[in-house]
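Below is one structure, written out as structure tokens, with a few remarks after it.
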Amino acid sequence: MPRAGTRLFDTAAAVMRRVPPFRGQWQVANVLRRLLLPLRGPSDALATVRMRDGSLMIWDLRDESEGRAAFLGRWDDDIRNAVIRMLPEAAVILDVGASVGAWTIPLARQAGRAATVYAFEPVPANRERLQTVIAANALTNVTVSSLALGEAAQRVGMWLRSSVSGAESGTAAVVPTEEGHIVVEMQTLDRWTDEIGLRRIDFIKLDVEGAELQVLAGGTHTVQRLRPVILAEFDPYWMSVRHRTSADVTEWARRHAYRMMQWNRRAARWEPTSQPCGDSTLLVPETAG
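Position 157 of the sequence shown, counting from 1, maps to 655 under the working numbering, and the rest follow consecutively.
Encoded structure:
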């Protein structure tokens with residue numbers, strides 16, 4: 499029998515996931531998580547959750563973002579659905595910085611069995627949970643890579659937020675040297691694409707804690723040749739850590755003939771922007787419609 503605290507937490511989360519979206523729902527979810535999490539105990543921090551889109555996920559409730567997702571039952575659903583509507587049949591998708599599968603799983607499910615998803619996740623704990631949820635969702639169109647993508651082929655260190663949050667996995671960031679909580683292998687997108695022999699990439703989701711421009715620098719030939727649509731998180735803090743600014747993103751887009759778009763949640767559409775948005779900037783090749 500589950501502990502009473504676990505039952506209470508799971509019941510509250512299940513009820514919350516059935517409630518239609520309302521203003522302040524994120525804040526309510528955060529408060530409920532903080533109040534109820536201690537009732538579960540430290541050995542009961544992972545929760546298996548059926549999301550609103552039907553994906554089966556495993557969330558570490560000690561992580562604020564994952565705990566909130568357990569209550570809301572969604573993770574960037576509006577943006578992801580808008581992206582999926584743009585994809586062609588049998589799309590080839592790269593999820594760079596896949597973490598525990600918040601985008602990988604619904605992308606692979608909703609893009610269809612003919613689609614192919616390559617998920618890059620160098621952190622072992624993240625990758626283990628990612629592979630578990632791939633199996634739980636019976637997905638056969640996802641290939642997981644342990645590589646970090648970047649500007650050069652080398653060994654690099656990674657900082658893990660789990661060392662602060664207490665969660666067993668979660669956000670991770672490449673550090674300039676092999677100093678970090680773990681050391682991983684980095685490869686360039688260009689070399690990986692050549693080795694795999696890809697002749698097509700339709701969409702790249704890029705979330706690597708400020709190293710997005712480094713990944714793109716290592717994929718210059720691939721981007722110019724295959725012209726994928728790119729959704730990137732250009733977080734101002736993480737970019738500043740790497741001595742990059744929004745102006746660098748704007749210059750990259752200009753130099754490579756990409757348009758920058760931002761998601762208007764109220765209007766539920768992509769709109770042109772002259773500056774990258776922190777959480778989600780869509781880069782669309784000028785040759786695309």
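Virtual Cβ for every residue (Gly too), placed ideally from N, Cα, C.
Remember, it's a predicted structure, so these values are computed and weren't measured experimentally.
- CA-to-CA, the gap between Q608 and I582 works out to about 7 Å.
- Partner residues in the beta bridge of F618, as assigned by DSSP, are V594, S643.
- For the region 688 to 772, the full-length alpha helix (DSSP H) segments reaching 4 residues or more read 710 to 715, 718 to 724, 734 to 739, 744 to 753 along the chain.
- With respect to the 8 Å criterion, L530 and F569 are classified as neighbours on the basis of their beta carbons.
- In this structure, the CA atom of T641 is about 10 Å from the CA atom of L592.
- Excluding its 5 nearest sequence neighbours in each direction, Y735 has C-beta neighbours in its own chain below 8 Å: G708, listed in chain order.
- The criterion of a C-beta distance shorter than 8 Å is not satisfied by A613 and N579.
- Per the coordinates, the alpha-carbon of E683 lies some 27 Å from the alpha-carbon of S563.
- Inter-residue distance for Q722 and P604 is about 28 Å (C-alpha atoms, whole angstroms).
- Nearest C-alpha to G610 among L637, E731, V517: L637.
- If you look at D576, you'll find it in the alpha helix (DSSP H) that goes 575 to 584.
- With fewer than 16 other Cβ atoms inside 10 Å of its own Cβ, A765 counts as exposed.
- In the structure shown, the three-state DSSP call for M656 is strand.
- For V513, the enclosing alpha helix (DSSP H) has its first and last residue at 502 to 516.
- The beta carbon of M584 is closer than 7 Å to those of V727 in its chain, skipping five residues each way along the sequence.
- Nearest to D700 by alpha-carbon distance, out of T720, R689, Q712, is T720.
- In the structure shown, A527 adopts helical secondary structure according to DSSP, grouped into three states.
- Between the alpha carbons of R757 and F618 lies a gap of roughly 25 Å.
- A730 places its beta carbon less than 8 Å from that of E710.
- When DSSP states are grouped into helix, strand and coil, G648 belongs to the strand group.
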